[in-house]
Amino acid sequence: AHLHVTADISSPVKLRQGLLHGVSADRISSATLDRVIELKPGAWRVSNLFGAYDFVSQHQLRTRLGTRIAFNLQDMFSAQWGSPVVVGPDCIANSPSYCFASYGLLRQKWSNFVEQFMLSVNAQGAGIDDFDIFSEPGSTFKGLTQAQLFELLQIAHDAIRRHKPNAVIVAPSIERFDE
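This is the structure we're talking about:
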């Protein structure tokens, strides 16, 4: 079965946040690009410096429409180290890369990752306006206490402020409110 969805955009519409998985600068039709431009996205959330970021940059959505770039750090960390991140004594030396035997090991990897990422952002002149530190941390960081999660948030906050003092920091995103 096929699902067909239509939307009436005859009156002015402004999309507050853009998030299309699988969009990249080289895989979008001109008709799709026209639809995106009609929505005038206020922000575009991306999680790597390719794909969606290239799409926003190549089509000059920042200058043409004033679209802000919101970057998700956790997604980039997960792309490098795996997901979900697990912290626990069952993680041993030959465990998958996303398994950390102690919180201290995870904290060090996170700290190094965020610092190197921010250095890269500045070196490349990446036009990132907002930083979303976590997306759904409860399901992607296993075995952490609330205090440890907030310490990782603080580490990212401090690195972002050192490198981009005027950036907007969005965090923590949550996926559940009943726990």
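Each residue of the sequence shown is one higher than the one before, counting from 2 in the working numbering. Glycine included, C-beta positions come from ideal geometry on N, C-alpha and C.
N- and C-terminal bounds of the beta strand (DSSP E) containing residue i
i: residue 218; result: The structure shown does not extend to residue 218, since the chain is modelled only from 2 through 180, so no value can be given for it.
i: residue 70; result: 69-73
i: residue 44; result: 44-47
Own chain partners of residue i with C-beta closer than 7 Å, once the 5 adjacent residues on each side are dropped
i: residue 141; result: 75, 79, 84, 85, 86
i: residue 136; result: 73, 75, 76, 174
i: residue 16; result: Since pLDDT at residue 16 reaches only 46, below the 50 mark, its modelled position is unreliable, and no value is offered.
i: residue 115; result: 74, 156, 157, 160
i: residue 90; result: 102
6 Å Cβ shell around residue i - same chain, five flanking residues per side excluded
i: residue 71; result: 44, 46, 131, 133
i: residue 104; result: 88, 149
i: residue 107; result: 88, 101
i: residue 169; result: 131
i: residue 66; result: 41
According to DSSP, residues forming a beta bridge with residue i
i: residue 171; result: 133
i: residue 183; result: There is simply no residue 183 to check, as the chain begins at 2 and stops at 180 in what is shown.
i: residue 101; result: 88
Endpoints, the alpha helix (DSSP H) within which residue i is located
i: residue 110; result: 104-125
i: residue 149; result: 147-164
i: residue 38; result: 31-40
Among the options, nearest to residue i - alpha-carbon criterion
i: residue 60; options: 82, 101, 31, 77; result: 31
i: residue 160; options: 137, 149, 147, 118; result: 118
i: residue 88; options: 56, 37, 120, 145; result: 145
i: residue 171; options: 69, 113, 57, 58; result: 69
i: residue 163; options: 123, 109, 138; result: 123
i: residue 112; options: 102, 153, 120; result: 153
i: residue 121; options: 99, 165, 96; result: 165
i: residue 143; options: 92, 125, 63; result: 92
Residue-level contact to chain B via CB, residue i, 8 Å cutoff
i: residue 108; result: Given the protein chain composition of this structure (a single chain), no chain B is represented.
Chain-order list of residues whose beta-carbon lies under 8 Å from that of residue i (same chain, five-residue window excluded)
i: residue 99; result: 79, 82, 83, 84, 85, 86, 87
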